[in-house]
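Peer 1: Residue numbers (the numbering used here): 647 to 879. Take this structure, written in structure tokens, and hold onto it; I'll ask about it next.
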């Protein structure tokens, strides 16, 4: 396949049908109504989308991918491209899993106590991406000990329609007890019962304990990325 610029979202999906990891990344991070353009080759994928605030986000995957015009970009970690015009922001990994294997597990207890969730996130996960009251939240799962909320997390529906985990947090004094792993497994059972067949999540690359927990649950690594912000002139 030679390099081709494509402005039709559906055509990109068809071209990526034999590349499941590229396809999943594209369908997760590129909503059709905000898609701008993609460049597809045998060994790379680049695409851009326009965010709600008018800024442009791009991704560049594979070998020597093209960096499209954008304000922010996520690239395959370690990729050999010119990023002199950008400032590094973070390294993160993208995982996903099917829910059918969790159908017979106990389902997660769901919490609607926004104040308790907020207190836990403020205390132990202040950089969480999703908070109580955010419209994309499908539900919050919980684990309690002696009626104290000790672990929580959200399943959210992204603008692409894909379902993702977000804001998974454990009270600091209850860590290293496998609570996050148990909560995620139970929430996957709940997701399956709600007709959700597949779930993804993003995690900071340096968060070894969280990645180990997700891998123990059965999540598969889809991609390792570095995010960059264009430098102000």
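Built from N, CA and C at the ideal position, the CB exists for glycine as well. If you're wondering where the values come from, they're calculated on a predicted model, not measured in any experiment.
Please go through the same chain and pick out, in chain order, the residues whose beta-carbon is closer than 6 Å to the beta-carbon of residue 757, but skip the five residues on each side of it.
Peer 2: Correct list, in chain order: 786 and 788.
Peer 1: Specify the secondary structure class of residue 673 as computed by DSSP and reduced to three states.
Peer 2: Reduced to three states, the DSSP call for residue 673 is helix.
Peer 1: Please classify residue 689 as buried or exposed, where buried requires at least 16 neighbouring CB atoms within 10 angstroms.
Peer 2: By the 10 Å Cβ count, residue 689 comes out exposed.
Peer 1: Curious, which full-length alpha helix (DSSP H) runs of at least 4 residues does the segment 852-877 contain?
Peer 2: Here the runs fully enclosed are 854-863.
Peer 1: Where residue 673 and residue 768 are concerned, what is the direct C-alpha to C-alpha distance, given to the nearest angstrom?
Peer 2: Each residue's alpha carbon lies about 31 Å from the other.
Peer 1: Tell me which residues share the same chain as residue 825 and place their Cβ nearer than 6 Å to its Cβ, disregarding the 5 neighbours each side in the sequence.
Peer 2: Result list for residue 825: 789, 797 and 816, in chain order.
Peer 1: For a test of the three-state rule: what should DSSP assign to residue 776, helix, strand or coil?
Peer 2: In the structure shown, residue 776 sits in coil (DSSP, three-state: anything other than H, G, I, E or B).
Peer 1: Which whole-angstrom value describes the C-beta separation of residue 653 and residue 683, a residue pair presumed to lie in contact below a C-beta threshold of 8 Å?
Peer 2: Right, their Cβ atoms sit about 5 Å apart.
Peer 1: Between residue 850 and residue 736, is the Cβ-Cβ spacing less than 9 Å?
Peer 2: Contact: yes.
Peer 1: When we look at the beta-carbon of residue 766 and count the other beta-carbons within 10 Å, is it buried (16 or more) or exposed?
Peer 2: Classification for residue 766: buried.
Peer 1: Who are the near neighbours of residue 745 in its chain, counting only those whose CB is closer than 8 Å to its CB and skipping five residues on each side?
Peer 2: Around residue 745: 834, 835, 837, 838, 842, 843, 844 and 845.
Peer 1: Out of 721, 671 and 687, which has the shortest C-alpha to C-alpha gap to residue 871?
Peer 2: Ranking the options by Cα distance to residue 871, first place goes to 721.
Peer 1: Since residue 779 contacts residue 760 with CB under 8 Å, what's their CB separation in whole angstroms?
Peer 2: With a Cβ gap of about 6 Å, residue 779 and residue 760 count as contacting.
Peer 1: State buried or exposed for residue 709, treating a residue as buried only when at least 16 other CB atoms are found within 10 Å of its CB.
Peer 2: Burial call: exposed.
Peer 1: Where do the N-terminal and C-terminal ends of the alpha helix (DSSP H) with residue 731 fall, by residue?
Peer 2: It is not in any alpha helix (DSSP H) - residue 731 carries neither H nor E in the DSSP assignment.
Peer 1: Going by C-alpha to C-alpha distance, which of 755, 753, 795 and 860 sits closest to residue 818?
Peer 2: Per the Cα distances, 795.
Peer 1: With 9 Å as the threshold, decide whether the Cβ of residue 775 is near any Cβ in chain B.
Peer 2: This model lacks chain B altogether; it includes just one protein chain.
Peer 1: Specify, as a first and last residue, the run of the alpha helix (DSSP H) that residue 754 falls within.
Peer 2: Note, residue 754: premise wrong, no alpha helix (DSSP H); not H, not E.
Peer 1: Shorter than 8 Å, the distance from the beta carbon of residue 756 to the closest heavy atom of the ligand MG, or not?
Peer 2: By its list of ligands, the structure shown contains no ligand whatsoever, and the ligand MG lies outside what it can speak to.
Peer 1: When DSSP builds the beta bridges, which residues end up paired with residue 785?
Peer 2: Answer by DSSP bridge pairing, in chain order: 801.
Peer 1: List the endpoints of the continuous alpha helix (DSSP H) containing residue 830.
Peer 2: Start and end: 825-839.
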